[in-house]
Ligand code: CTP
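Numbering (this note's numbering), first residue to last: 396 to 867.
Okay, structure coming up:
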């Protein structure tokens with residue numbers, strides 16, 4: 396049997412086998428027998444071990460050690476699958492990826508491989524992959540198959556039992572539960588054929604997450620068809636694998652967050668600004684979304700990208716930020732991490748201001764901006780149950796923050812030292828004090844210096860405890 400197998404192998408595989416056999420001091424036939432025996436005995440463990448060897452940290456729980464087969468089909472939402480891989484790996488899932496031919500038009504196997512820690516599988520008739528794993532083992536050696544994005548075409552093939560490429564062959568051969576994250580143009584989603592296929596797939600026991608309603612990646616298209624956000628898919632995975640409870644500490648809560656600086660125009664080309672990077676507010680938005688909150692992030696001009704799974708509202712000036720924040724209410728919690736400019740120019744020039752030759756600089760008259768935190772804290776009907784402000788101070792940090800808490804009427808203040816020595820402004824670390832108003836007295840907690848992500852996670856966990864007594 397061994398010689399029959401060797402004869403049928405490609406020259407390249409034969410060469411690799413010869414080298415491996417020589418290194419182990421075996422004949423090629425013996426080497427094949429060893430490989431087959433190892434494969435049969437250790438198949439389910441091998442993928443996890445390989446992934447761990449490639450630098451994954453030790454799984455946090457037995458459930459989180461699960462192996463996921465992610466199938467990426469060819470839709471524009473495939474770019475989100477890269478973030479999905481990252482999110483799954485963060486939670487210590489081993490992720491093995493199959494990409495359809497069309498998927499490779501949207502994201503490269505190299506990018507996918509870099510994130511998953513393993514070369515993705517792309518071809519049913521690729522002798523290397525067949526020799527290394529084989530499509531049946533690929534289909535079987537996993538705890539869950541996730542298809543994200545699942546295009547209309549792939550759903551149609553699945554519903555009809557096609558197996559003409561590696562993705563569909565694996566889907567047909569698997570014994571594992573299948574989770575689909577459909578993504579397509581809204582007209583394709585509502586088309587009777589797709590809905591018929593969906594019904595068939597649901598009846599076959601396939602589980603779906605999304606699609607969501609909203610703007611599509613293609614310009615000018617909106618409706619139901621957007622792929623679920625990576626964090627929603629992760630929540631669905633956790634629910635199916637029993638790794639998480641499905642219900643997270645901030646599920647169902649709406650949190651509005653302001654972040655970044657504001658730009659106050661002087662004329663069409665100049666503005667007043669400050670050094671805020673937005674990192675702290677963005678980290679809070681990310682941490683809140685991870686705990687299941689429905690987050691609206693009202694952001695001033697920053698260089699940071701959108702936070703996945705978060706509703707982004709980008710604004711320029713303090714007045715725009717106030718408008719966007721009010722429009723985002725009602726909310727359970729509002730967190731004001733923005734470094735709002737205190738003043739704007741009284742008369743914004745319609746044209747670029749010119750030097751008049753006198754050598755005298757122009758006088759800039761300033762007026763005070765609306766205080767967004769104070770405005771929301773004092774709302775009668777739509778005041779969030781918990782309003783959290785930040786206090787950026789360069790001296791007497793706690794004393795000034797306590798006064799600010801009272802003056803602005805919020806519930807908590809996160810005070811941070813923004814003096815040059817403090818390094819919080821624009822930097823990655825932050826040393827903060829949480830000041831809460833309990834009766835007449837303000838309570839002060841000083842947290843250790845930590846990354847802005849750490850501060851964000853601690854703050855959001857405290858908020859979860861405050862809202863419903865749940866800890867993370
Ligand atoms: N804030 C706001 N709107 C403003 C000014 C500040 O919402 N126009 C919010 C900030 O987002 C922060 C808190 O108020 O949560 C305190 O901001 P900070 O800049 O520290 O305080 P100021 O109100 O500017 O007070 P001061 O300049 O006296 O320190």
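The C-beta atom is built at its ideal place from N, Cα and C for all residues, glycine as well.
- Three or more Cβ pairs drawn from the segment 770 to 785 and the segment 713 to 733 lie within less than 8 Å of each other, which places the two stretches in contact.
- It is roughly 26 Å from the alpha-carbon of residue 430 to the alpha-carbon of residue 466.
- Per DSSP, residue 714 lies in no beta strand (DSSP E) segment; the continuous alpha helix (DSSP H) that holds it begins and ends at 713 to 723.
- DSSP places residue 842 in the coil class of the three-state scheme, outside both helix and strand.
- Proximity to residue 592 across 633, 556 and 569 peaks at 556, based on C-alpha coordinates.
- Residue 491 sits in a strand when the DSSP states are folded into three classes.
- Rounded to whole angstroms, the Cβ separation of residue 702 and residue 666 is 25 Å, and the two are not in contact under 8 Å.
- Exclusion of the five residues before and after residue 737 leaves 763 and 764 as the residues of its chain whose Cβ lies within less than 8 Å of its Cβ.
- DSSP places residue 471 in the coil class of the three-state scheme, outside both helix and strand.
- In this structure, residue 545 lies away from residue 628, with their beta-carbon atoms at least 8 Å apart.
- The beta carbon of residue 531 sits closer than 8 Å to the beta carbons of 568 from its chain, once the five residues preceding and following it are set aside; these are given in chain order.
- Within 10 angstroms of the beta-carbon of residue 643 lie 16 or more other beta-carbons, which makes it buried.
- Distance from the CA atom of residue 853 to the CA atom of residue 744, rounded to whole angstroms, is 44 Å.
- Look at residue 788 here: in three-state DSSP terms it is strand.
- For ligand 1, no non-hydrogen atom lies closer than 7 Å to the CB of residue 812.
- Uninterrupted alpha helix (DSSP H) stretches at least 4 residues long and entirely within the segment 575 to 637 occur at 581 to 585, 587 to 598 and 625 to 636, given in chain order.
- In terms of Cβ geometry, residue 623 and residue 579 do not form a close pair [threshold 8 Å].
- Remark: the shortest separation between the CB of residue 825 and any heavy atom of ligand 1 does not fall under 7 Å.
- With respect to the 8 Å criterion, residue 686 and residue 645 are classified as neighbours on the basis of their beta carbons.
- Residue 858: member of the alpha helix (DSSP H) spanning 847 to 863, first to last residue.
- By the beta-carbon neighbour count (other beta carbons within 10 angstroms, threshold 16), residue 829 is buried.
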